[in-house]
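*Asks:*
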Amino acid sequence: DTETEAHDEL
Amino acid sequence: MNAFRLAGDMTHLLSIILLLHKIRAMKSCAGISLRTQELYVIVFVTRYVDLSMKYYSFYNSIMKIVFLGTSISIVWYMRYHKVVKQTYNKDVDTFRHIFLILPCFVLALLINRAFTVIEVLWTFSLYLEAVAILPQLVLLQRSRNIDNLTGNYVFLLGAYRAFYLLNWIYRFFIENHQVRWIPWLSGLLQTAIYADFFYYYIKSWKNREKLKLPA
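Protein sequences, first through last, are from chains A and B. Going by the numbering used here, 1 is the number at position 1 of the first sequence; the sequence numbering is gapless. Every number in the numbering used here is 1000 more than the matching position in the second sequence, counting from 1.
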């Protein structure tokens, strides 16, 4: 889901 | 992962390694703002709270641990190392970083993608990172001569977020990523704050003269 995907960067 | 983001992460890592090397090799933190370093620890701690809960990739997890470890050890050296802490001049590093922390936190409570602990902390860390360099830039303006390592450190630190801007453009157009105003605008502000430093840094590099920021 897009919610957690947004935190895949450092 | 794309080349821009990898370049950004490596530039960021290099900047921190360079600073840690300067402090350990020269046993000195002259010209470095402890306030900015403390803000970076807050940025990493609040951004990586999901380190133990969320696994994206080995790279992602290892880099988070490295960033947390190095930033905390830099603050430790500047605060507690018997030799290094003597070289810290708190009389010139006077920026009240509470004036950055509180507004960023309030803003994160008001403007965020979701009102959850993780999301608000993540948003706070983005807002805070955008302005975290200010105490360091103020300190550089007060420094008569800026040593090369410090100048290179700040330059690499500014360059890393510029690479991230390219990464976001790439992700939006190529990976048709959805719009993400909070990191994009925070990153844009962060890079813009370095603008005049970049100008003087490149000028000093071209003219082969000492880096000097106008007061």
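Ideal Cβ placement from N, Cα and C applies to all residues, glycine included.
(1) Quick check on this structure: which residue in B:His-1081, B:Leu-1128 and B:Arg-1096 has the alpha carbon closest to the alpha carbon of B:Val-1138?
(2) If we define contact as Cβ-Cβ less than 7 Å, is B:Tyr-1056 a contact residue for chain A?
(3) Does the Cβ of B:Asp-1091 have 16 or more other Cβ atoms within 10 Å, making it buried, or fewer, making it exposed?
(4) Name the residues in the segment 1070-1081 of chain B whose C-beta lies less than 8 Å from a C-beta of chain A; which are they?
(5) Under the rule that 16 or more other beta-carbon atoms within 10 Å means buried, what is B:Ala-1025, buried or exposed?
(6) Determine, using beta carbons only, whether B:Met-1063 comes closer than 7 Å to chain A.
(7) Could you check the C-alpha separation between B:Phe-1099 and B:Gly-1008 for me, to the nearest Å?
(8) Could you tell me the alpha carbon to alpha carbon distance between B:Lys-1064 and B:Asn-1145, rounded to whole angstroms?
(9) Could you tell me whether the Cβ of B:Asp-1009 comes closer than 7 Å to any Cβ of chain A?
(10) Counting along the chain, where does the alpha helix (DSSP H) carrying B:Ser-1125 start and finish?
(11) Going by alpha carbons, who is nearest to B:Leu-1185 out of B:Ile-1202, B:Phe-1198, B:Tyr-1164 and B:His-1177?
*Replies:* In terms of the structure at hand:
(1) Translated into positions along the second sequence, residue 1138 of chain B becomes position 138. The candidate whose alpha carbon is nearest that of B:Val-1138 is B:Arg-1096.
(2) Position 56 of the second sequence, counting from 1, holds the residue named residue 1056 of chain B. So yes, B:Tyr-1056 belongs to the interface.
(3) In the second sequence, residue 1091 of chain B corresponds to position 91, counting from 1. Counting Cβ neighbours within 10 Å, B:Asp-1091 comes out exposed, since fewer than 16 surround it.
(4) Cβ proximity to chain A below 8 Å picks out nothing from the segment 1070-1081 of chain B.
(5) Position 25 of the second sequence holds residue 1025 of chain B. Classification for B:Ala-1025: exposed.
(6) Taking the first residue of the second sequence as 1, we reach residue 1063 of chain B at position 63. Yes - at least one Cβ of chain A is within 7 Å of the one on B:Met-1063.
(7) Taking the first residue of the second sequence as position 1, residue 1099 of chain B is located at position 99. Taking the first residue of the second sequence as position 1, residue 1008 of chain B is located at position 8. Those two C-alpha atoms are separated by around 28 Å.
(8) Here the question's residue 1064 of chain B lines up with position 64 in the second sequence. Here the question's residue 1145 of chain B lines up with position 145 in the second sequence. B:Asn-1145 has its alpha-carbon roughly 33 Å from the corresponding atom of B:Lys-1064.
(9) The residue given as residue 1009 of chain B occupies position 9 in the second sequence. Yes - at least one Cβ of chain A is within 7 Å of the one on B:Asp-1009.
(10) Here the question's residue 1125 of chain B lines up with position 125 in the second sequence. Here the alpha helix (DSSP H) through B:Ser-1125 covers 1117-1131.
(11) Residue numbering aside, residue 1185 of chain B sits at position 185 when the second sequence is read from its first letter. Checked all of B:Ile-1202, B:Phe-1198, B:Tyr-1164 and B:His-1177; the closest Cα to B:Leu-1185 is B:Tyr-1164.
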